[in-house]
Every structure is written in C-alpha cells, then in structure tokens.
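Chemist: Sending over a structure as structure tokens; questions will come in a sec.
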Amino acid sequence: MRKQPCADAPSDAAPLAGPLAMPDVQASSDARRIAIDKVGVKEVTYPVTLHTPDGGHQSTVASIDMYVSLPHHQKGTHMSRFLEVLNEHAECVTPERIPHITREIRRRLEAENAHLRLDFTYFIRKLAPVTKMPGLMDYRVTFECDSNSHEDFVMTVAAPATSLCPCSKEISRFGAHNQRCLISASVRFKGTLWIEDVVRLLEGAASAEVYAVLKRPDEKFVTEVAFENPKFVEDIVRDLAGALDNDDRITWYSINSENFESIHNHNAYAEITRDKRESGA
Numbered sequence: 029m030r031k032q033p034c035a036d037a038p039s040d041a042a043p044l045a046g047p048l049a050m051p052d053v054q055a056s057s058d059a060r061r062i063a064i065d066k067v068g069v070k071e072v073t074y075p076v077t078l079h080t081p082d083g084g085h086q087s088t089v090a091s092i093d094m095y096v097s098l099p100h101h102q103k104g105t106h107m108s109r110f111l112e113v114l115n116e117h118a119e120c121v122t123p124e125r126i127p128h129i130t131r132e133i134r135r136r137l138e139a140e141n142a143h144l145r146l147d148f149t150y151f152i153r154k155l156a157p158v159t160k161m162p163g164l165m166d167y168r169v170t171f172e173c174d175s176n177s178h179e180d181f182v183m184t185v186a187a188p189a190t191s192l193c194p195c196s197k198e199i200s201r202f203g204a205h206n207q208r209c210l211i212s213a214s215v216r217f218k219g220t221l222w223i224e225d226v227v228r229l230l231e232g233a234a235s236a237e238v239y240a241v242l243k244r245p246d247e248k249f250v251t252e253v254a255f256e257n258p259k260f261v262e263d264i265v266r267d268l269a270g271a272l273d274n275d276d277r278i279t280w281y282s283i284n285s286e287n288f289e290s291i292h293n294h295n296a297y298a299e300i301t302r303d304k305r306e307s308g309a
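Heads up: the sequence shown begins at 29 in the working numbering, then just goes up one per residue.
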C-alpha cells in the first residue's frame with residue numbers, strides 16, 4: 029500500500045501554569061500496586077481514508093479502540109491524549125500510518141505497550157458475471173496494531189460467499205442444498221497487500237462468489253458454478269490455506285469459514301492457523 033505523506037505529529041503542548049494549573053490526578057501513585065494490561069478508549073467513531081489499487085482513495089467510518097498498559101504505581105491513564113493523537117492524524121489514518129500512530133500513542137502516554145484497533149466497512153465495485161451489471165459489495169475489515177519494542181500489524185478481511193454441500197449433491201436425486209458462508213482471514217504480511225487481494229483469495233476458496241446485483245442470466249451462472257464446485261466447510265479452509273501458502277507476501281494467517289446451513293439448525297465451522305515463518309514456507 030502506498031504511503032500518504034503526512035507531517036510529523038506536533039510536540040506536546042506546554043503544561044498549564046499559573047492560575048490555570050490543576051493537579052494531575054491520573055499521574056498520582058496508587059497504593060494497590062496492581063498493573064493494568066489495557067486501559068483506554070473504546071468504540072470511537074472516526075473517518076478513515078484508504079488508498080485503492082487504482083491510485084484513488086476510499087473514505088469510510090471506523091470504530092476505533094485505543095489502549096495502553098498502565099504500571100502498578102500509576103493511578104490512571106490520560107484518556108484525552110488518545111483523542112489528541114488521533115486528531116493530529118485526522119488526514120492520515122491509513123494502513124501505512126497505523127504503526128506510527130500506535131507508536132505515538134505509546135510515546136505520548138509514556139506506556140510500555142499500546143494497542144490500536146480499527147473496524148470498518150470497505151466497498152468494492154463488482155460486476156455481475158454475465159450481464160456485467162455493476163454493484164457495490166461490502167466487506168468487514170479490521171486493522172490491529174500492537175506497539176512495544178516493535179510494531180505488530182494484522183489485517184483481517186471477511187467476505188460472504190456460497191457453499192454447496194458435496195454430500196447433498198451425491199445422495200440427492202434433484203439438486204443439492206447450498207447456503208451463504210462467511211470466510212475470514214487474519215494475516216501478517218510483508219510488502220504491499222491490498223484488501224482486494226485478500227478478498228480474491230477468500231472468494232476463490234468458496235463454491236461460488238456472491239454479488240450485489242444479479243439478473244437472471246447471472247443467477248443461472250452462479251447457481252450452476254456452485255453446483256459444479258461443491259465444498260464442505262473443511263474444503264473451503266483447506267483451499268484457502270493452500271492459496272495463502274502460495275502467496276509469498278503472507279507470513280502468518282488465521283482463517284475460518286462459517287457456513288450458515290440451510291437444512292440444519294446449526295452452522296458448520298472450520299479454522300486453520302499457521303505461522304509460515306516457523307514452518308519455513
């Protein structure tokens with residue numbers, strides 16, 4: 029993903045003095061001497077700008093969580109500083125800047141560890157397979173970053189798709205039961221990895237893709253593609269794992285598929301987690 033040029037964050041404002049000076053209660057000592065793993069602000073609604081592969085950008089709205097660790101001797105954290113850091117990067121909340129923002133949160137709050145999470149909807153224009161009618165597909169995306177001695181960034185993308193049961197197809201005289209599924213991948217990666225790249229991998233592991241707009245020729249096409257490509261939930265995650273193993277950009281992944289069964293009163297689920305760095309892949 030391309031980097032958007034951004035100015036460095038401004039330095040901390042000078043402390044209040046004279047008649048405006050107030051006691052810093054949060055910085056006072058705490059006699060209980062119990063450290064806190066995460067403390068901060070949760071579900072901050074905020075605009076986010078993302079670069080797109082065609083050189084443009086997409087604006088969306090994210091729900092943002094920001095936390096730091098708190099040492100045992102400090103009474104509280106300074107909640108307003110989280111929003112100060114976020115506001116200073118209002119034009120720069122992009123994937124490339126997230127490690128920098130997380131590091132700045134840790135620095136500004138003088139913490140050993142900081143955590144930043146953004147959850148948002150991302151839209152991709154998608155053409156129907158036969159008529160090429162355009163439509164917008166929405167995908168759930170999460171960016172998470174931890175900052176301590178280094179920054180650790182994980183991107184999660186979830187895509188809806190179609191699964192058709194191989195067993196039902198084999199044993200039935202007419203048709204086979206099929207349903208929507210939700211396929212998700214959390215990945216660590218090196219270099220450039222677009223959300224669109226992950227979506228293609230997710231949808232390619234299913235029996236068939238789903239679309240925002242389908243005319244009758246498209247519906248016929250999708251139905252027949254799924255029928256010719258039956259997959260258990262196990263098949264979906266195995267095929268997705270194989271595709272991720274073959275992508276040299278991806279160094280670690282945790283994937284799953286949940287099939288919303290159409291003839292059972294339960295869902296089917298499968299999950300795989302693999303660190304390619306440990307396996308030497």
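Positions of the beta carbon are idealized from the N, C-alpha and C atoms, including for glycine.
(1) Is LEU98 closer than 8 Å to ASP142 when the C-beta atoms are compared?
(2) Report all residues from its chain with a CB closer than 7 Å to the CB of ASN293; omit the five preceding and five following residues, and keep chain order.
(3) Express the C-alpha separation of LEU114 and ALA37 in angstroms, rounding to a whole number.
(4) Check for me: the alpha helix (DSSP H) holding ASP276 runs from which residue to which?
(5) Quick one: using the 10 Å Cβ neighbour count with 16 as the cut-off for buried, is ASP303 buried or exposed?
(6) Looking at C-beta atoms only, is the number of pairs between the stretch 152-167 and the stretch 127-143 that lie closer than 8 Å three or more?
(7) Under the assumption that ALA234 contacts ALA189 (Cβ atoms under 8 Å), give the Cβ distance between them as a whole number of angstroms.
(8) Only counting runs of 3 or more residues, tell me where the beta strand (DSSP E) segments fall wholly within the stretch 146-211, in order along the chain.
(9) Can you grab the Cα-Cα spacing for the pair ILE291 / GLU299, in whole Å?
(10) Output needed for ARG266: all residues of its chain with C-beta closer than 6 Å, excluding positions within five of it in sequence on either side, in chain order.
(11) Assign VAL253 to one of three DSSP states: helix, strand, or coil.
(12) Kindly indicate which three-state DSSP category VAL89 falls into: helix, strand or coil?
(13) Out of PHE151, PRO194, HIS100, ILE199, which one is the CA nearest neighbour of ALA187?
(14) Let me confirm a value: PRO123 is counted as buried when at least 16 other C-beta atoms fall within 10 Å, else exposed. Which label applies?
(15) What did DSSP end up calling ARG130 once you bin it into helix, strand or coil?
(16) Can the beta-carbon of ARG305 be found closer than 8 Å to that of LYS218?
(17) Are there 16 or more other CB atoms within 10 angstroms of the CB of CYS195, so buried, or fewer, so exposed?
(18) Indicate the three-state DSSP secondary structure (helix, strand or coil) for ILE291 in the structure shown.
(19) Are VAL238 and TRP280 touching if we call contact CB-CB under 8 Å?
(20) Name the residue from VAL253, ASN257, LEU192 whose alpha carbon lies nearest to the alpha carbon of ASN287.
(21) Excluding the 5 residues preceding and the 5 following PRO314 in the sequence, name in chain order all residues of the same chain whose CB lies nearer than 8 Å to its CB.
(22) I'd like to confirm the pairing. Which residues does DSSP put opposite SER57 in its beta bridges?
(23) Quick check: ILE92 and LEU146, are their CB atoms within less than 8 Å of each other?
(24) Which word fits VAL250, buried or exposed, when buried means at least 16 other C-beta atoms lie within 10 angstroms of its C-beta?
(25) Look at VAL69 and MET50 and say whether their C-beta atoms are less than 8 Å apart.
(26) For the candidate residues LEU155, GLU112, THR170, VAL96, whose alpha-carbon lies nearest to that of VAL89?
(27) Could you name the residues of the same chain whose beta carbon sits closer than 6 Å to that of ALA236, not counting the 5 residues immediately before and after it, in chain order?
(28) Just to confirm, are SER285 and VAL261 a CB contact at a threshold of 8 Å?
Modeler: To lay it out plainly:
(1) Per the sequence presented here, residue 142 reads as Ala, with Asp not at that position. Not a contact, by the Cβ cut-off of 8 Å.
(2) none
(3) Legend: pLDDT at ALA37 = 48, less than 50; position of this residue unreliable, value from coordinates given subsequently. Computed Cα separation, rounded: 10 Å.
(4) Careful: ASP276 lies outside any alpha helix (DSSP H) and carries neither H nor E.
(5) exposed
(6) no
(7) 3 Å
(8) 162-175, 179-192
(9) 22 Å
(10) none
(11) helix
(12) strand
(13) PHE151
(14) buried
(15) The question names Arg, but residue 130 is Thr in the sequence shown. THR130 falls in the helix class under three-state DSSP.
(16) no
(17) exposed
(18) coil
(19) no
(20) LEU192
(21) Residue 314 lies beyond the stretch modelled for the chain, which goes from 29 to 309, so this question has no answer here.
(22) GLN102
(23) yes
(24) buried
(25) no
(26) THR170
(27) THR190, VAL250, VAL253, ALA254
(28) yes
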